[in-house]
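What follows is a single structure, written as structure tokens, with notes after it.
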């Protein structure tokens, strides 16, 4: 049997050169906007959380950033916790809620479709994370069209 002669890895070791940035660090020019849409269920995959991180990064790059929660995406914006609201039942349980709070704190705007809240998931506006703006279902298309008209960067988040 072949002998393994490589020393075991230890905390702090690196497997890749994470400091080598290939592309320019793009910053927003004055007035540039971004819209991140979410049609994905909270905590059922990484795409929702990853693109909330992207929204935060866009804010920090200077983009006027809006987040749209519609369809199952509204589940990202409801208050949660166990056994009480805000309690983290296990590490990472509150990642999406915490990231939405950070987006709001850093000047981003978050919108949630009222139709999806009530008709699809049985939530009311009082279930939303404070600071999220509930919108009419007809506003879902209009916010996207307004972003397009403003030449905003649009990142659509979907799970099937």
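Numbering (our numbering), first residue to last: 45 to 204. A virtual CB, placed ideally from N, CA and C, is assigned to each residue, including glycine.
Taking one beta carbon from each stretch, the region 97 to 115 and the region 135 to 154 have 3 or more pairs nearer than 8 angstroms; the two touch. As DSSP reads the structure, residue 94 sits in no beta bridge.
Boundaries of the alpha helix (DSSP H) around residue 140: 139 to 149. Secondary structure note for residue 156: its beta strand (DSSP E) is the uninterrupted segment 153 to 157. Distances from the CA of residue 125 to each of 47, 171, 105, 156 were compared; the closest alpha carbon is that of 171.
Annotation for residue 191: the continuous alpha helix (DSSP H) segment containing it runs 182 to 193.
Annotation for residue 89: 203 place their beta carbon closer than 6 angstroms to its own, counting only its chain and skipping 5 residues before and after. Shown here, residue 116 sits in a helix according to DSSP, grouped into three states.
In this structure, residue 105 lies near residue 71, with their beta-carbon atoms less than 8 angstroms apart. The continuous beta strand (DSSP E) containing residue 178 extends over residues 177 to 179. The Cβ atoms of residue 103 and residue 201 do not sit closer than 8 angstroms to each other.
Taking a cut-off of 8 angstroms on C-beta distances, the region 183 to 203 does not touch the region 133 to 144, as fewer than three cross pairs fall below it. Here DSSP, grouped into helix, strand and coil, assigns residue 83 to strand. A straight-line Cα-Cα distance of about 20 angstroms links residue 47 and residue 54.
Our two residues, residue 51 and residue 57, have alpha carbons roughly 12 angstroms apart in a direct line.
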